[in-house]
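In what follows, a structure is listed as structure tokens, so that the remarks can point back to it.
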Ligand code: F6P
């Protein structure tokens, strides 16, 4: 029987388990054997591979993290590491690999594809930084987590009439900041894609205070080149408004996935197995205009991520 291997790689994202469950069960339904590879490419290099049956993925749909564990593998960046991984794929009789991860993991998959391995990539990252798909698995959950933080922070910010900077994840892509800022009514949203203007931020705080506004929420993506604590100090000095900082960090990577993330993960994994079954090779699977789409992996990785200028403009007008 042909065999499909599944691995999760890079930073974890809520919905990875939903993808693993769907990949295993769809594979078995279509007459494949399924195996799980532990700790991403690290486990692949070391041959940490186990067979998976229907029950091995029971009760995980709603769970954050990944039952397969994940890792960022430096060894997989070397020719030696990649060769070992290919050898393991051959030794374990794996005919195709389903890889759930972000940009780096997909680039790793491309190296395997160049060496003859059939790879199907699912966009698993909270960052939403892959150009070929409208959304990545885990992004929606992360935005909801930030929204809940914004709500709590707004309560205490209002009581004390403070400004609070909430730093969210996103080294190169400001989507978590942008979507949560727009949905949460943040006064200012700072993203790595756009320069920020500290004077404009301070002016907004002063105008807000003069019209009786009690809170100010600034959402700053981690990739914006200023330390949030330095920024709070600067704002406090310039406006006279007490300013605090909340760094959400890894909080955003955990938690039970939202319905959107579960459905996205499930649909992408289901499609990946169908593609393998029908003889496709090396595809990146995602969602565009609410439909599941897939592209040649190398082409997908060249597609630029559009930035939603209009979201930033709306947030500015409305806050
Ligand atoms: O998963 C993406 C991401 O969360 C980034 O936004 C963040 O900067 C990075 O991963 C940090 O992850 P780690 O410390 O696990 O490498």
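In this note's numbering, the protein residues as written are 40 to 358.
Don't be surprised by glycine CBs; every beta carbon is placed ideally from N, CA and C.
Only a predicted model underlies this, so the values are computations on that prediction, with no experimental measurement involved.
query                                                                                                                                 : result
Give the single residue among 148, 247 and 189 whose Cα lies nearest to the Cα of residue 286.                                        : 189
Are the beta-carbon atoms belonging to residue 115 and residue 88 less than 8 Å from one another?                                     : no
Helix, strand or coil for residue 157? Go by DSSP, reduced to three states.                                                           : strand
Which stretch, first to last residue, makes up the alpha helix (DSSP H) that contains residue 40?                                     : Neither: residue 40 is in no alpha helix (DSSP H) and is coded neither H nor E.
Under the criterion of a Cβ to heavy atom distance below 7 Å, does residue 208 qualify as lining the ligand F6P?                      : yes
So what does DSSP say about residue 230, is it helix, strand or coil?                                                                 : coil
Taking only three categories from DSSP, how would you classify residue 296?                                                           : coil
Is it right to say residue 361 is buried, meaning 16 or more other beta carbons lie within 10 angstroms of its own, or is it exposed? : Here the chain comprises residues numbered 40 to 358, so residue 361 is not present and cannot be evaluated.
Can you tell me whether residue 411 is buried or exposed, with buried defined as 16 or more other CB within 10 angstroms of its CB?   : What is shown of the chain runs 40 to 358, which leaves residue 411 out entirely.
Check this for me: beta carbons of residue 40 and residue 71, under 8 Å apart or not?                                                 : yes
What whole-angstrom Cβ distance do residue 213 and residue 185 have, given they're in contact under 8 Å?                              : With a Cβ gap of about 12 Å, residue 213 and residue 185 do not count as contacting.
Consult DSSP for residue 212 and reduce its assignment to one of helix, strand or coil.                                               : coil
Under 7 Å from any heavy atom of the ligand F6P, does the C-beta of residue 170 make it?                                              : no
Reducing DSSP to helix, strand and coil, say where residue 101 ends up.                                                               : coil
Return yes when the Cβ of residue 261 is within less than 8 Å of the Cβ of residue 210, no when it is not.                            : yes
Out of 155, 42 and 282, point me to the one whose CA is closest to residue 205's CA.                                                  : 282
Should residue 306 be labelled buried (16 or more other beta-carbon atoms within 10 Å of its own) or exposed?                         : buried
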